[in-house]
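Please read the structure below before turning to the comments.
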Amino acid sequence: MSLQHKGGAWAKSSLRSCVHDNNAAIVTFASFGAVLYTLSVTIGASPLQSGLGFLLVAVMPGVLILGALGRDLDDWLVIPYVVVISLAYTMAVGALASVTTHGASIPSPFRPLGFYLWYGGGFAILLVLFRLRGFSPALPGSADIRTLKSRHTALAVFLLLNVVLGAWLLNDYNTNSALIATLVLISLTPLFVVLDNPDRPSQIVSAWLLSLALLLQNTLIDINLQAGDGRFEHSLGMVSLIRGYYDPMMLSVRATSLRLTVLNPAFSLATETDLSIAATVFHPLTLSVIAIGVFILVERQYSTRVAYLSVIVVAFSVPWLNTMSRNTRTATALLFAVVAVCALFDASDNGVGASVVLILSLCSIPATHYGAAPMFLVLLTVALVSQWLWNTFFNGSEHILQVRHLLSMGLVLGGWFLYAAQGSGFEFMVLAVAKMVASLLGSTTATSQAGTGASLAMPSLTYQIIKIEYIVVLGFAAIGLVIGFTGLVWPERFSGERMGEHVASDILPAEFGYYAIGAGAACLVPLAFLPKVGLGIPRIFVFSMLFLAPFAILTAVAGLRRVRAPPMATIAAVLAVLLLINSGGIAAAVTHDNSPQPYLDKPYRLEHGSENTIYELYRVYRSDRGWSSSDWLYNYARGEQLYGSGVQPPMRTSELTGRSPLERPSPLMEPNATMCDGFIRLTPGDYQIGEVVITHHPNFVYYGNQSIPLNAVPTEGRNKVFAAGQTNVYTPCK
Numbered sequence: 158m159s160l161q162h163k164g165g166a167w168a169k170s171s172l173r174s175c176v177h178d179n180n181a182a183i184v185t186f187a188s189f190g191a192v193l194y195t196l197s198v199t200i201g202a203s204p205l206q207s208g209l210g211f212l213l214v215a216v217m218p219g220v221l222i223l224g225a226l227g228r229d230l231d232d233w234l235v236i237p238y239v240v241v242i243s244l245a246y247t248m249a250v251g252a253l254a255s256v257t258t259h260g261a262s263i264p265s266p267f268r269p270l271g272f273y274l275w276y277g278g279g280f281a282i283l284l285v286l287f288r289l290r291g292f293s294p295a296l297p298g299s300a301d302i303r304t305l306k307s308r309h310t311a312l313a314v315f316l317l318l319n320v321v322l323g324a325w326l327l328n329d330y331n332t333n334s335a336l337i338a339t340l341v342l343i344s345l346t347p348l349f350v351v352l353d354n355p356d357r358p359s360q361i362v363s364a365w366l367l368s369l370a371l372l373l374q375n376t377l378i379d380i381n382l383q384a385g386d387g388r389f390e391h392s393l394g395m396v397s398l399i400r401g402y403y404d405p406m407m408l409s410v411r412a413t414s415l416r417l418t419v420l421n422p423a424f425s426l427a428t429e430t431d432l433s434i435a436a437t438v439f440h441p442l443t444l445s446v447i448a449i450g451v452f453i454l455v456e457r458q459y460s461t462r463v464a465y466l467s468v469i470v471v472a473f474s475v476p477w478l479n480t481m482s483r484n485t486r487t488a489t490a491l492l493f494a495v496v497a498v499c500a501l502f503d504a505s506d507n508g509v510g511a512s513v514v515l516i517l518s519l520c521s522i523p524a525t526h527y528g529a530a531p532m533f534l535v536l537l538t539v540a541l542v543s544q545w546l547w548n549t550f551f552n553g554s555e556h557i558l559q560v561r562h563l564l565s566m567g568l569v570l571g572g573w574f575l576y577a578a579q580g581s582g583f584e585f586m587v588l589a590v591a592k593m594v595a596s597l598l599g600s601t602t603a604t605s606q607a608g609t610g611a612s613l614a615m616p617s618l619t620y621q622i623i624k625i626e627y628i629v630v631l632g633f634a635a636i637g638l639v640i641g642f643t644g645l646v647w648p649e650r651f652s653g654e655r656m657g658e659h660v661a662s663d664i665l666p667a668e669f670g671y672y673a674i675g676a677g678a679a680c681l682v683p684l685a686f687l688p689k690v691g692l693g694i695p696r697i698f699v700f701s702m703l704f705l706a707p708f709a710i711l712t713a714v715a716g717l718r719r720v721r722a723p724p725m726a727t728i729a730a731v732l733a734v735l736l737l738i739n740s741g742g743i744a745a746a747v748t749h750d751n752s753p754q755p756y757l758d759k760p761y762r763l764e765h766g767s768e769n770t771i772y773e774l775y776r777v778y779r780s781d782r783g784w785s786s787s788d789w790l791y792n793y794a795r796g797e798q799l800y801g802s803g804v805q806p807p808m809r810t811s812e813l814t815g816r817s818p819l820e821r822p823s824p825l826m827e828p829n830a831t832m833c834d835g836f837i838r839l840t841p842g843d844y845q846i847g848e849v850v851i852t853h854h855p856n857f858v859y860y861g862n863q864s865i866p867l868n869a870v871p872t873e874g875r876n877k878v879f880a881a882g883q884t885n886v887y888t889p890c891k
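Numbers in our numbering are just positions in the sequence shown, counted from 1, shifted up by 157.
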């Protein structure tokens with residue numbers, strides 16, 4: 158069964174194109190785009206260069222490579238394939254060019270001239286190879302395009318545009334009404350889609366654009382990269398831009414990620430935009446295609462409605478809204494992982510094209526995130542063992558996964574971790590495992606991040622509900638695995654005569670291979686409960702739910718059938734409520750308590766917020782005066798000792814405009830100490846909270862554990878050299 162044809166293919170029109178030779182048409186289009194891009198660079202047409210630059214980095218290499226491999230380009234799975242191939246190609250060219258030019262008199266790849274030579278030359282080679290290959294791939298025809306003209310597509314586009322408008326109003330005019338209203342409409346859209354049950358293309362586009370809108374609403378309301386790992390990821394890209402090349406020997410475990418050191422700089426140079434735009438705009442655009450991959454992967458096993466709701470379960474979750482949008486290397490690794498699984502099932506139907514996508518995806522995961530790669534290797538190992546058990550004891554004949562897949566990824570992972578960043582990735586993994594084993598063997602009281610989080614009392618109704626949501630969703634997924642296995646072993650229990658044909662198509666997997674992947678994903682969850690494992694609950698949750706979501710829906714469907722409730726509509730209604738909770742919409746409009754998106758409630762918190770909610774807001778928000786004080790310190794106190802708050806360490810505006818790399822955070826203030834050797838900086842957050850928090854990476858849950866009252870900050874004997882509202886900088890002691 159073809160992965161892209163299950164449930165109805167994207168119709169192949171008899172009026173496919175006026176151009177009979179699609180090979181020549183693609184070459185002409187790509188050549189015209191390259192000429193137009195060159196012209197935009199020459200005359201300085203920035204908007205045109207940004208749009209074409211994104212296509213030349215994230216789309217066209219994949220189109221040319223996939224077409225040269227003999228794959229038609231007229232099905233939905235091509236979209237994530239094209240993006241993944243393009244990203245892998247861009248990272249490979251940048252890394253190879255950096256190694257080649259380092260220490261040689263050759264233009265560096267991350268200088269404008271070198272970038273155009275390396276990537277322009279590579280694009281020309283791809284174009285020639287595609288033309289010489291002579292394959293004329295099928296393209297979407299006019300009938301295919303007409304299927305997208307539906308009210309559901311129009312609604313999704315409208316909501317996407319409103320997210321951009323709402324973020325602009327919140328940033329520039331401090332009003333959140335438009336963005337909250339848009340979130341309400343987004344939450345209700347799946348219910349509308351499920352009740353109307355439109356055609357397959359409309360559901361795919363709706364799921365895709367809603368996922369993109371939810372990513373953008375998070376990144377666009379904080380363009381300063383304050384939340385998540387944005388600042389650290391930004392700094393590594395800046396190092397490559399300043400040096401002009403990626404140094405694989407840079408001693409930092411994060412430097413093993415080509416997503417940060419190669420791909421982000423490539424986006425910045427190709428589009429002539431600040432490096433921060435790669436994280437706030439281009440990252441959501443590329444990551445969003447994961448929705449298409451999940452949709453088609455699940456649709457192969459279940460119905461179109463289950464596939465649609467599986468995407469929505471992931472897109473409406475806190476990790477998607479707040480973690481994947483902010484952590485580009487983790488999210489990109491998950492994109493490679495989902496596409497790798499799609500290619501596993503697609504390889505038997507589409508030959509060499511899908512096989513190449515599989516190889517590129519497996520090789521790219523270790524070069525994207527040092528934590529996600531071992532997790533995916535665990536998933537594949539469990540899936541392979543499950544497949545072997547099924548074939549051995551239940552007379553199965555599944556061979557989707559093979560040992561060579563694990564060996565290939567394992568060798569790439571080991572080789573890359575030993576080579577890049579002077580082996581710091583390998584050292585990190587060895588030390589992490591050693592610490593975990595030592596904790597398990599040496600202490601009966603060792604705690605895990607997940608265990609601590611589950612037992613911790615949350616000082617917020619929103620977070621209390623989210624904690625319950627995590628437990629219930631994962632519990633439903635576990636039950637769904639059991640039900641799915643029962644259906645595979647005893648299919649007569651789910652026969653059409655017993656439950657009804659329509660019901661069975663909603664809850665039974667089509668093949669054991671997907672069940673094996675689900676079992677592997679389920680085995681990732683216990684990793685969160687191991688001591689000394691810093692993978693993070695959000696990462697593990699979203700990684701597992703990308704493959705477990707349909708099993709959770711299976712459980713809900715089975716339960717709702719028993720109480721004679723309409724299952725799909727009920728699930729969509731529950732998800733609507735969860736999105737408003739997870740996004741902080743209810744917190745911003747009604748409760749004004751702590752939530753995953755404190756920025757959304759900024760207008761209220763700045764005027765009426767409690768100490769706790771103000772504290773949470775200033776972890777991700779920086780006023781213009783805060784930026785001014787950071788600039789002053791950079792210009793007049795560079796290299797001096799500086800003491801500040803853990804809530805908002807100094808950061809220069811120039812760090813986001815491509816002129817200098819990030820520096821390490823300044824030392825925190827010390828209780829009962831004069832700190833006479835350095836400057837002291839107090840921010841609006843310190844004044845509004847009424848104390849200076851002295852914890853690195855503070856979390857609102859632990860608010861107040863370590864802080865210094867404002868009246869205890871030693872400002873006597875110092876001169877105030879910068880003052881702007883509630884932002885002050887004091888000199889060292891006289």
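Backbone N, C-alpha and C fix where the C-beta goes; we use that ideal spot for every residue, glycine too. Since the model is a prediction, treat every value here as computed from it, not as a measurement.
Could you have a look at residue 644 and say whether DSSP puts it in helix, strand or coil? helix
Could you give the C-beta distance for residue 280 and residue 191, rounded to a whole number, given that I count them as a contact under 8 Å? 7 Å
Which residues bound the beta strand (DSSP E) around residue 849? 848-850
Go ahead and pull the three-state DSSP assignment for residue 759. helix
Assigned secondary structure, residue 880 (DSSP; H/G/I helix, E/B strand, else coil): strand
Give me the Cα-Cα distance between residue 228 and residue 789, rounded to the nearest whole angstrom. 56 Å
So, for residue 659: in the same chain, excluding its five sequence neighbours on each side, which residues have a beta-carbon less than 6 Å away from its beta-carbon? At residue 659 the pLDDT is 47, less than 50, meaning the model places this residue with poor confidence; the figure from the coordinates comes in the next sentence. Here the set comprises nothing.
According to the neighbour-count rule (16 or more other Cβ atoms, all chains shown, within 10 Å of its Cβ), is residue 394 buried or exposed? buried
Between residue 523 and the rest of its own chain, which residues show a CB-CB distance below 6 Å, the 5 nearest in sequence each way excluded? 530, 569, 570, 573
Output the distance between the C-alpha atoms of residue 754 and residue 479, rounded to the nearest integer angstrom. 7 Å
Integer-rounded CB distance, given that residue 536 should sit under 8 Å from residue 515: With a Cβ gap of about 15 Å, residue 515 and residue 536 do not count as contacting.
Please confirm if the region 205-213 is in contact with the region 481-498, defined as three or more CB-CB distances below 8 Å between the two stretches. No, the region 205-213 does not touch the region 481-498.
Considering only the alpha carbon of each residue, which of 404, 847, 288 lies closest to residue 260? 404
Would you kindly report the start and end of the unbroken beta strand (DSSP E) that includes residue 838? Going by DSSP, residue 838 is part of the beta strand (DSSP E) stretching over 836-839.
Completely contained beta strand (DSSP E) runs for the region 271-308, where each covers 3 or more residues: none
Residue environment, residue 275, which counts as buried when at least 16 other CB atoms sit within 10 Å: buried
When the Cα of residue 353 is compared with those of 427, 319, 462, 184, which residue comes out closest? 462
So within the region 508-577, which uninterrupted beta strand (DSSP E) runs reach at least 3 residues, ignoring any that extend past its ends? none
According to DSSP, simplified to helix, strand and coil, what is residue 419? helix
Where does residue 339 land, buried or exposed, given buried means 16+ other C-beta within 10 angstroms? buried
Residue 797, buried or exposed, once every other Cβ within 10 Å from all chains shown has been counted against 16: exposed
Tell me the rounded alpha-carbon separation between residue 859 and residue 336. A caution first: residue 859 carries a pLDDT of 47, below 50, which makes its placement in the model unreliable, though a value can still be read off. Between residue 859 and residue 336, the C-alpha separation is close to 29 Å.
Would you tell me roughly how many angstroms separate the C-alpha atoms of residue 834 and residue 885, rounded to the nearest one? 17 Å
How about residue 539: is its C-beta nearer than 8 Å to some C-beta of chain B? The chain labelled as chain B is not found in the depicted structure, where only one protein chain is given.
Beta-carbon proximity list for residue 387, same chain, < 7 Å, skipping 5 on both sides: Cβ neighbours of residue 387 beyond the five flanking positions: 436, 483.
In the structure shown, what three-state DSSP assignment does residue 844 receive? Three-state result, residue 844: helix.
State the start and end residues of the unbroken alpha helix (DSSP H) segment that holds residue 866. Unbroken run through residue 866 is the beta strand (DSSP E), 864-866; no alpha helix (DSSP H).
Do residue 694 and residue 706 have their CB atoms nearer than 8 Å? no
From this set, 544, 704, 325, which residue's C-alpha is nearest residue 552's C-alpha? If we check each option's Cα against that of residue 552, 544 comes out closest.
Please report the distance separating the alpha-carbon of residue 209 from that of residue 422. 16 Å
With a threshold of 16 other CB atoms inside 10 Å of the CB of residue 773, please say whether the residue is buried or exposed. By the neighbour-count criterion, in which 16 or more other beta carbons inside 10 Å mark a residue as buried, residue 773 falls on the buried side.
In whole angstroms, what is the alpha-carbon distance linking residue 750 and residue 766? 9 Å
Can you give the Cα-Cα distance for residue 621 and residue 474, rounded to whole angstroms? 15 Å
Do residue 236 and residue 449 have their C-beta atoms closer together than 8 Å? By the CB criterion at 8 Å, residue 236 and residue 449 fall inside the cutoff.
Does the region 581-591 come within contact of the region 698-705, defined as at least 3 CB pairs closer than 8 Å? no
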